[in-house]
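Asker: Sequential numbering of the sequence shown, starting at 2, is according to my numbering.
Backbone N, C-alpha and C define an ideal beta-carbon position, used for all residues, glycine too.
These numbers were taken from a predicted model, which means no experiment stands behind them.
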Amino acid sequence: PGPSAAAAIMSDRLGKPTCLIVASAAAAGVSAQSFLHCFTLASSAFNLQVATPGGKPIDFVDVNESTVRWIQDFRMKSYASPAKLESIDGARYHALLIPNCPGAMTDLANSGYLAKILQHFSTESKPICAVGHGVAALCCATNEDKSWVFQGYSLTGPSVYELVRQPNFASLPIIVEDFVKDSGATFSASSPDAVHVVLDRHLV
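#1: Would you report the Cα separation of V62 and S45, rounded to the nearest angstrom?
#2: Please state whether DSSP places D108 in a helix, a strand or coil.
#3: Going by the DSSP bridge assignment, what does Q50 pair with across the sheet?
#4: Helix, strand or coil: which one does DSSP assign to F61?
#5: Taking the beta strand (DSSP E) that A137 belongs to, which residues open and close that run?
#6: Would you mind sorting F122 into buried or exposed? The rule is 16 or more other CB atoms within 10 Å of its CB.
#7: At the level of alpha carbons, what is the spacing between S191 and C39?
#8: Quick one: what's got a C-beta closer than 7 Å to R166's C-beta in the same chain, skipping five residues either side?
#9: What residue does the alpha helix (DSSP H) around I72 start on, and which one ends it?
#10: Where DSSP assigns a beta bridge to C130, which residues make up the other side?
#11: Flag this pair as yes or no: are the beta carbons of G91 and K117 separated by less than 8 Å?
#12: Take the Cβ of G135 as the centre, count every other Cβ of all protein chains shown within 10 Å, and call the residue buried at 16 or more, exposed below.
#13: So, are the CB atoms of P100 and H203 less than 8 Å apart?
#14: Which residues in the same chain have their Cβ closer than 8 Å to the Cβ of N48, if we skip the five residues on either side of it in sequence?
#15: Which same chain residues end up closer than 6 Å to P1 when comparing Cβ atoms and leaving out the 5 residues on each side of it in sequence?
#16: Excluding sequence positions up to five away, which residues of its chain have a Cβ less than 8 Å from the Cβ of A142?
#17: Name the residue from F36, F180, G133 and V132 whose alpha carbon lies nearest to the alpha carbon of A81.
#18: Counting C-beta neighbours from all protein chains within 10 Å, is the total for P159 16 or more, i.e. buried, or is it exposed?
Take a look at the structure:
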C-alpha cells in the first residue's frame, strides 16, 4: 500500500480496541467452526491477538468442507502464529474471547497464566466471552484463598447430560457443571445441544 493507505491502516488499527483470543494447545484441540465464527465476528470490531500455552500452533478439530479452506488461508497469515500465553499482559487487551476448545479441559483449566489474565479482567470488569468447552478455561481463575473469581456468577457450558454421551466421559479431567456449582456459582443448562447464552455482568 502507498503512504496514505498505510496511514489509513495504522489509524484503523490504533482506533480499534484489542481482543485476546485464548485457545488450547492440547491434543483435544479447538473446534474449527467455533474458532472461525469467533475470529470473523470479532475481527470487524477488534484487532485480534491469538495466544496459546507455549505459543504452540492450534490443532483444529471437526474440520469440514466449509471450514477447511478458511483454516488453510488463516494459517498463511502472519497473525495466525499464536503468542505465548505466558508472556501476555492482560492490561493491554480490552476483551477476552475463548472459543469452543475441547482441549481447554486439559491445559487452560489449570493455567496460572490465564488465571492472572482472568483476575485482571474480572477486577476491571472487562468483557469475557467463553464458548462451549472453552468455559472450562475459566476454572483456572482461583484467588489466593482458593475461592473462584466467578463465584456468584451465572454461566453456562457443556452440561453433564451433554458430556456423558462422549466415549471419554470417565476420563475427562474436569466437569465444568460440577466445578461451577461446587465453586459457588450458578450453572444454567438448556436442553442438550440447544443454543443457550448467559450474560452476567461482563461475562458471556
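Answerer: Per the coordinate set shown:
#1: Looking at the two C-alpha atoms, the distance is approximately 25 Å.
#2: In the three-state reduction of the DSSP assignment, D108 falls in the coil class.
#3: DSSP output for Q50 lists L21 as bridge partner(s).
#4: Strand.
#5: Unbroken run through A137: none, as it is neither H nor E.
#6: Buried.
#7: Distance between the alpha carbons of S191 and C39: 22 Å.
#8: Cβ within range, chain order: n/a, list empty.
#9: Start and end: E66 to M77.
#10: Note: C130 sits in a beta bridge opposite L98.
#11: A Cβ-Cβ contact shorter than 8 Å links G91 with K117.
#12: G135 counts as buried, since no fewer than 16 other beta carbons sit within 10 angstroms of its beta carbon.
#13: No. Outside cutoff.
#14: R14, K17, P18, T19 and C20, listed in sequence order.
#15: Since the first residue of the chain shown is 2 and the last is 205, residue 1 is not available in this structure.
#16: Taking A142 as the centre and dropping the five residues before and after it, the same chain places the C-beta of L115, A116, L119, Q120, S123, W149, V150 and F151 closer than 8 Å to its C-beta, in chain order.
#17: Of the candidates F36, F180, G133 and V132, the one whose C-alpha sits nearest the C-alpha of A81 is F36.
#18: For P159, the number of other beta carbons within 10 angstroms of its own is at least 16, and it is reported as buried.
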